[in-house]
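For the protein sequence lines, the chains are W and P, in the order given. Here the first sequence stands for residues 28 to 287, numbered as in this note's numbering. Here the second sequence stands for residues 28 to 287, numbered as in this note's numbering. Beta carbons: idealized from backbone N, C-alpha and C, even for Gly. Model, not experiment: these values are computed from the prediction.
Protein chains: 2
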Amino acid sequence: MGNTAIGIKVRNITISNESPQVCVPLVSETEEALVAELKNILSRTSLPDLIEWRVDFFADIQKTDSVLSCLKTLRPILKEIPLIFTIRAEEERGEIIPLNHQGKVELLKRVIQSRDVDILDFELLHTESFIKEIREISSEYGVKLILSYHNFDETPSTAFILKKLHESESLGADLAKLAVMPNDKADVLKLLNATLEANAVINIPLITMSMGGYGSLSRMIGSIFGSAVTFAKGDNSSAPGQIPIEELKAVMNIVDRHCK
Amino acid sequence: MGNTAIGIKVRNITISNESPQVCVPLVSETEEALVAELKNILSRTSLPDLIEWRVDFFADIQKTDSVLSCLKTLRPILKEIPLIFTIRAEEERGEIIPLNHQGKVELLKRVIQSRDVDILDFELLHTESFIKEIREISSEYGVKLILSYHNFDETPSTAFILKKLHESESLGADLAKLAVMPNDKADVLKLLNATLEANAVINIPLITMSMGGYGSLSRMIGSIFGSAVTFAKGDNSSAPGQIPIEELKAVMNIVDRHCK
Numbered sequence: 028m029g030n031t032a033i034g035i036k037v038r039n040i041t042i043s044n045e046s047p048q049v050c051v052p053l054v055s056e057t058e059e060a061l062v063a064e065l066k067n068i069l070s071r072t073s074l075p076d077l078i079e080w081r082v083d084f085f086a087d088i089q090k091t092d093s094v095l096s097c098l099k100t101l102r103p104i105l106k107e108i109p110l111i112f113t114i115r116a117e118e119e120r121g122e123i124i125p126l127n128h129q130g131k132v133e134l135l136k137r138v139i140q141s142r143d144v145d146i147l148d149f150e151l152l153h154t155e156s157f158i159k160e161i162r163e164i165s166s167e168y169g170v171k172l173i174l175s176y177h178n179f180d181e182t183p184s185t186a187f188i189l190k191k192l193h194e195s196e197s198l199g200a201d202l203a204k205l206a207v208m209p210n211d212k213a214d215v216l217k218l219l220n221a222t223l224e225a226n227a228v229i230n231i232p233l234i235t236m237s238m239g240g241y242g243s244l245s246r247m248i249g250s251i252f253g254s255a256v257t258f259a260k261g262d263n264s265s266a267p268g269q270i271p272i273e274e275l276k277a278v279m280n281i282v283d284r285h286c287k
Numbered sequence: 028m029g030n031t032a033i034g035i036k037v038r039n040i041t042i043s044n045e046s047p048q049v050c051v052p053l054v055s056e057t058e059e060a061l062v063a064e065l066k067n068i069l070s071r072t073s074l075p076d077l078i079e080w081r082v083d084f085f086a087d088i089q090k091t092d093s094v095l096s097c098l099k100t101l102r103p104i105l106k107e108i109p110l111i112f113t114i115r116a117e118e119e120r121g122e123i124i125p126l127n128h129q130g131k132v133e134l135l136k137r138v139i140q141s142r143d144v145d146i147l148d149f150e151l152l153h154t155e156s157f158i159k160e161i162r163e164i165s166s167e168y169g170v171k172l173i174l175s176y177h178n179f180d181e182t183p184s185t186a187f188i189l190k191k192l193h194e195s196e197s198l199g200a201d202l203a204k205l206a207v208m209p210n211d212k213a214d215v216l217k218l219l220n221a222t223l224e225a226n227a228v229i230n231i232p233l234i235t236m237s238m239g240g241y242g243s244l245s246r247m248i249g250s251i252f253g254s255a256v257t258f259a260k261g262d263n264s265s266a267p268g269q270i271p272i273e274e275l276k277a278v279m280n281i282v283d284r285h286c287k
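Written out as structure tokens, the structure reads:
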């Protein structure tokens, strides 16, 4: 404990507070467009370490078979890159989808059972019983679980940030994610400082970020303070403040080399 | 006031909290070596906006004529790049030199009168009467004054940092400089936060940095929080944590473009 290395292995990578990984989102609406988006991302000079499919953007999300078939198509294109499967909740700025929480849990179960995803992202806002259901089945099938909190309005207090990250850990998450919006530059420093404090007391890898323009700084330097994954723009961005992967990796390379 | 643009014009550049400038030090011991060092710096792909001559490294510092003659040699090579003249005090990790404070003030006066320097760096540790003497004559000859504070042991409290920057302003400095050593990563965030706070209440441009490995981060992103000048390594570095100018400018370019 206390800023020591904490990592989880997913396929060929280790997500840890010692070796930051870069994730790029897929946000297309159809299988055809998703394949094209993924192929474009993989043809760039900087490759992501992880890919997240933001399934709330998928037009056929209510057709479980279409989701499963799309996963079967994406999997071989990804090769060994781990896939995060995320249906971002409308309450946390996901797209509006024709599934209620129960419907979402049913879809996630089928997706887990397909073994075509490596990591699920599920929001802390769900009921504890839904979270436990997802945790149990994901453990059974060897799928890692991110429990996440997003706030697009403000950066809560350091105590609240720590509370949310603790909550993810105590509910059994493999990774705790928190994304908040800064209202000024001091909020970006607050998020970084809270990440540093959380790292000293929480025993799972953390994924934290400050969003928007000012927050883009945290996407570039957050790993120094213990954020294990940062999200970059590939073909598209999925949240405010993501920057192109080439620029992100250029900055991270220089910062990581000197800042120690 | 309050994070608005505050700038001072020196030759063709404006040093302000809105447009960060990069300064590279000269640390050679002889005129010949200084000329070579400067020419090397100016032949690199990334040019500095400012050059600082760290005169405490100069072997003939006790011979005023040698110092003045060296300035006459350097000036045309610099073209329009402003020159900072610094005899870093031994108490703040400058080289050991055969001049006492009085001798240093006498040398600085002659240098100011030569009009071959644009900016002087003088430490706050000097007596108020020495500082006033230097301030008066530098104003008379149109030379800008940095009043500086360095701490190689620790990062003092935010209140102390603000006090030192205020002190520089109230003693009539054109620029207030503060360089401190972090003992952990939180100290780097503390320095950045203090810079942001100082910017809201101090009406001269600030030059702040956290030193050493962790502190190198502040050299790359400090301008976001209101530091107007950052020091990079050209041929040599003059303080711990300076990184090569090419890398510094690459990071600053990406950070400044996104972080707003």
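Contact check between the segment 141-161 of chain P and the segment 206-220 of chain P: fewer than three CB pairs, one atom from each, fall below 8 Å, which does not count as touching. Shown here for L219/P: same chain residues with a beta carbon closer than 7 Å to its own, the five before and five after excluded, namely S245, G249 and F252 in chain order.
When CB distances to chain P are screened at a threshold of 7 Å, the residues of the segment 234-255 of chain W falling below it are G240, Y241, S243, L244, M247, I248, I251 and F252, in chain order. Where G261/P is concerned, there is no enclosing alpha helix (DSSP H), because DSSP gives it neither an H nor an E.
At a cut-off of 8 Å between beta carbons, I270/P contacts chain W.
Look at V278/P: its C-beta is under 8 Å from a C-beta on chain W. Contact annotation: S265/W and R81/W have beta-carbon atoms nearer than 8 Å. Secondary structure at P103/W: helix, using DSSP grouped into helix, strand and coil. Proximity to V49/W across E273/W, I281/W and K36/W peaks at E273/W, based on C-alpha coordinates.
Residues of chain W with a Cβ closer than 7 Å to the Cβ of I281/P are, in chain order, E274, A277 and V278. The segment 45-77 of chain W contains, as complete alpha helix (DSSP H) runs of 4+ residues, the segments 58-69 (chain order). Spatial neighbours of L198/W in its own chain (CB-CB distance under 8 Å, excluding positions within 5 residues in sequence) are listed in chain order as L151, E155, I158, K159, R162 and L174.
Within its own chain, the residues whose Cβ lies closer than 7 Å to the Cβ of T57/P, once the five positions on either side in sequence are excluded, are A86, listed in chain order.
K212, A213, L216, L219, N220 and L223: these are the residues of the segment 204-226 of chain P whose beta carbon lies less than 7 Å from some beta carbon of chain W, given in chain order. Its chain contains A32 and G34 as the residues whose beta carbon lies nearer than 8 Å to that of E45/W, once the 5 sequence neighbours on both sides are disregarded; these appear in chain order. Exposed is the label assigned to D180/P, since fewer than 16 other Cβ atoms lie within 10 Å of its Cβ. Per DSSP, reduced to three states, the secondary structure at E79/W is strand. Its Cα nearest to that of Q140/W, the residue T91/W stands out among I281/W, T91/W, I114/W and E119/W. Taking a beta-carbon distance threshold of 8 Å, C286/P counts as an interface residue toward chain W.
The beta carbons of D143/W and K212/W sit no closer together than 8 Å. Proximity to R115/P across P125/P, I40/P, A277/P and K276/P peaks at P125/P, based on C-alpha coordinates. Counting every other CB atom within 10 Å of its CB across the protein chains shown gives I68/W a total of 16 or more, marking it as buried. In the three-state reduction of the DSSP assignment, F85/W falls in the coil class, being assigned neither a helical nor a strand state. Rounded to whole angstroms, the separation of the alpha carbons of S93/P and H128/P is 19 Å. Annotation: the continuous alpha helix (DSSP H) that includes M247/W extends over G239 to I248.
In this structure, P183/P lies away from L202/P, with their beta-carbon atoms at least 8 Å apart. For the set V215/W, L223/W, K190/W and R137/W, the Cα lying nearest the Cα of S96/W is the one of R137/W. With distances taken between CA atoms, S43/W lies nearest to S254/W out of Y168/W, S254/W, Y241/W and M247/W. Under the three-state reduction of DSSP output, H153/P falls in the coil class, being neither helix nor strand. In the three-state reduction of the DSSP assignment, G121/P falls in the coil class.
With fewer than 16 other Cβ atoms from the protein chains shown falling within 10 Å of its own Cβ, A227/W counts as exposed. Between T257/W and M236/W, the beta carbon gap of about 7 Å places them in contact (Cβ cut-off 8 Å). Residues of the same chain with a CB within less than 6 Å of the CB of V282/W, apart from the 5 flanking positions on each side, are I248 in chain order.
Between S243/P and H285/W, the gap from beta carbon to beta carbon is short of 8 Å. The criterion of a C-beta distance shorter than 8 Å is satisfied by E79/W and P52/W.
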